[in-house]
Amino acid sequence: MPKYLIVFSLVLSSVACDREGGSERDSLRHIAPSTLRKGNGAEPQTLDPHKAEGVPASNILRDLFEGLIIEAPDGTLVPGVAKSWEISPDGKRYTFHLRPTAHWSNGDPLVAEDFAFALRRSVDPSTGSKYSQILSPIVNADVVIIGEKSTETLGVNVVNQHTLEIMLNAPTSYFLGLLTHSSTYPVHRESINRHGNKFTRPGNLISNGAYQLEDWIIQSHITLKRNPNYWDADNTSIDRVIYYAIDDQTAELRRYRAGDIDWTDAVPLTQIRWIRKHLPKELKVSPYIGTYYYGFNLTKPPFKDNLALRKALSMAIDREIIVDKMTALGEAPAYGWVPLGIVGYSSQSLSYQDLDSELRHSEAERLYQQAGYSRDNPLTVELRYNTSENHKKIALVVAAMWKKYLGVHTVLINEEWKVFLNNRKQRSVTQIFRSGWIGDYNDATTFLSLMGSRHGINDSGYNNPVYDDLLEKAAGKGDPLQRRHLLEDAEKLMLRDHPIIPLYFYVSKSLIKPHVKGYMGNLMDHHYTKHYRLELR
357 MPKYLIVFSL
367 VLSSVACDRE
377 GGSERDSLRH
387 IAPSTLRKGN
397 GAEPQTLDPH
407 KAEGVPASNI
417 LRDLFEGLII
427 EAPDGTLVPG
437 VAKSWEISPD
447 GKRYTFHLRP
457 TAHWSNGDPL
467 VAEDFAFALR
477 RSVDPSTGSK
487 YSQILSPIVN
497 ADVVIIGEKS
507 TETLGVNVVN
517 QHTLEIMLNA
527 PTSYFLGLLT
537 HSSTYPVHRE
547 SINRHGNKFT
557 RPGNLISNGA
567 YQLEDWIIQS
577 HITLKRNPNY
587 WDADNTSIDR
597 VIYYAIDDQT
607 AELRRYRAGD
617 IDWTDAVPLT
627 QIRWIRKHLP
637 KELKVSPYIG
647 TYYYGFNLTK
657 PPFKDNLALR
667 KALSMAIDRE
677 IIVDKMTALG
687 EAPAYGWVPL
697 GIVGYSSQSL
707 SYQDLDSELR
717 HSEAERLYQQ
727 AGYSRDNPLT
737 VELRYNTSEN
747 HKKIALVVAA
757 MWKKYLGVHT
767 VLINEEWKVF
777 LNNRKQRSVT
787 QIFRSGWIGD
797 YNDATTFLSL
807 MGSRHGINDS
817 GYNNPVYDDL
827 LEKAAGKGDP
837 LQRRHLLEDA
847 EKLMLRDHPI
857 IPLYFYVSKS
867 LIKPHVKGYM
877 GNLMDHHYTK
887 HYRLELR
């Protein structure tokens, strides 16, 4: 989805790459001072908040739409469309009071029915949302998702035009944080009725956030402009934000250095030392709840019913080398699935985390042979990753480790984002695939639910009824300690089954120009353009 100003980018391509001089100031004369330009990685598949996947789409949707709850720059939960709310004594009924001043970008009033409609649409099987299960805490959500009850039975109730009730199955401490996710955003009912799946196109898309869609040039850019009908428009400083779709991290960094963009998350592994030396004040690194991992396709050979092979490949990887020598910005080696720092949870670990590397490699080779392979009869496996210099370099290193310690022949396959996601979901061609999961809210279930057999983004096809049962029991527990123990048992079980290979826990990293003011790192790495301002001389 991103990329704008083709002529503009051609003009700027002639600017010298030395960012220490005055060429950046010269390049900035070519655009309005109230325009923020952001590199955004891969182009999103859609701007439908109930169907979108991935960080690039989420970045844009956070500007276009606003839920009942939003986040302050430091990640604190604050009122969004809901100016206030109450929670019942039993923790199972939330009553939200909407702002009477909230409107859609076309001026229509934003009302409680818009949220009720959106939540029902999000869990409707016909919508095809991959995130519908995130709404499982709501009464009847699970049975609606699998088609056993109608969407009208979902536990949402419109009390009046500006009051919405949401009923939960059990007290859910993270529920307010969950409401910052795009699966809970309202959508404009009349637009969907009129345009169907085309409601997200420029000219059709009516949003309720601080910005509205102005332009979308496929494989180039998405431009958003300030929404004058937003309830807090008077406090929105930046007039436009352009999201550029740039798959090549080196190219994105080059454009950042040339002054073409103001903000990038593209920090190529090969450039980390240079960036630390030359752009230390522009480099922003913060804690982040996210896990970088490889997934196995468990629905077909060679990994179906072959735990020994999956475990051997995991044990052969030296994660410490990856984080110390490659990523090198404070990432931690991942021997578990749920990152450290989750509130009220103790992250679990693979049994061989503390095993000496020589012993671990020896055990990996024994398991490899047990699985039916050897150096004389090696495994040949395909490892898929989406276009990214960093993903490629990590894949090359992992493939080299597998070759060195086991004799595995690895075929690396690079795919464009949309093709990559589709192949992962179809499972017809994938064997091992790169992935990363970023927490949607600060609770262990944002990770653990992903591996549930019915989750829309369980691309490994992991299916363990005991694991599902543990998650279901935890969801019904009001006692925090009992719930925590059930979730920890679920993670232990999943790690023993090895449906994935956790590699490292993320940190967020960005390069941001000095004239972009208001930045604060936060655990979710969620940033709303409305919180920023530009100070250009």
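Just so you know, we're using my numbering here: the sequence shown kicks off at 357 and counts up by one. Heads up, the beta-carbon is just placed ideally off N, CA and C, and yes, glycines get one too.
Across the structure, Phe652 and Ile857 are spaced so that their CA atoms are roughly 8 Å apart. Annotation for Met880: no alpha helix (DSSP H) segment contains it, and DSSP assigns it neither H nor E. DSSP, read as helix, strand or coil, puts Glu409 in coil. One thing to note: Thr743 has its Cβ within 8 Å of the Cβ of Asn770. Take the alpha-carbon of Tyr649 and the one of Val754: they are about 12 Å apart. The beta carbon of Thr655 lies closer than 8 Å to those of Arg783, Gly817 in the same chain, with the five residues before and after it left out. Straight across, the Cα-Cα distance linking Gly395 with His887 is about 18 Å. Around the Cβ of Trp630, a 10 Å sphere holds fewer than 16 other Cβ atoms; the residue is exposed. In the three-state reduction of the DSSP assignment, Asn564 falls in the coil class, being assigned neither a helical nor a strand state.
In this chain, Glu719 is not harboured by any beta strand (DSSP E); it is covered by the alpha helix (DSSP H) spanning 713–726. In the three-state reduction of the DSSP assignment, Thr786 falls in the coil class.
Beta-bridge pairing by DSSP links Ile574 to no other residue. Between the alpha carbons of Gln401 and Thr620 lies a distance of about 20 Å. Taking C-beta atoms under 8 Å as the contact rule, Thr483 and Lys581 fail to qualify, at a distance of about 28 Å. Beta-bridge partners assigned by DSSP to Tyr600: Gly395, His577. Under the DSSP definition of a beta bridge, Val434 partners with Ile426. At the C-beta level, Gly646 and Pro689 stay beyond 8 Å of one another. Contact check for Gly431 and Glu422: beta-carbon distance about 16 Å, past the 8 Å limit, so the pair fails to qualify. Proximity of the segment 518–532 to the segment 444–455 meets the contact definition, three or more beta-carbon pairs being nearer than 8 Å. Between Gly795 and Phe803, the CB-CB gap stays under 8 Å. Contact between the segment 460–474 and the segment 507–526 is present: three or more C-beta pairs spanning the two stretches fall below 8 Å. Runs of the alpha helix (DSSP H) lying entirely within the segment 499–569 and spanning at least 4 residues, in chain order: 531–534, 545–551. Rounded to the nearest whole angstrom, the C-alpha separation of Lys865 and Thr683 is 11 Å.
In this structure, Ser539 and Ile490 form a Cβ contact; the two beta carbons are roughly 5 Å apart against a cut-off of 8 Å. Nearest to Asp590 by C-alpha distance, out of Gln575, Pro836, Thr457, is Thr457.
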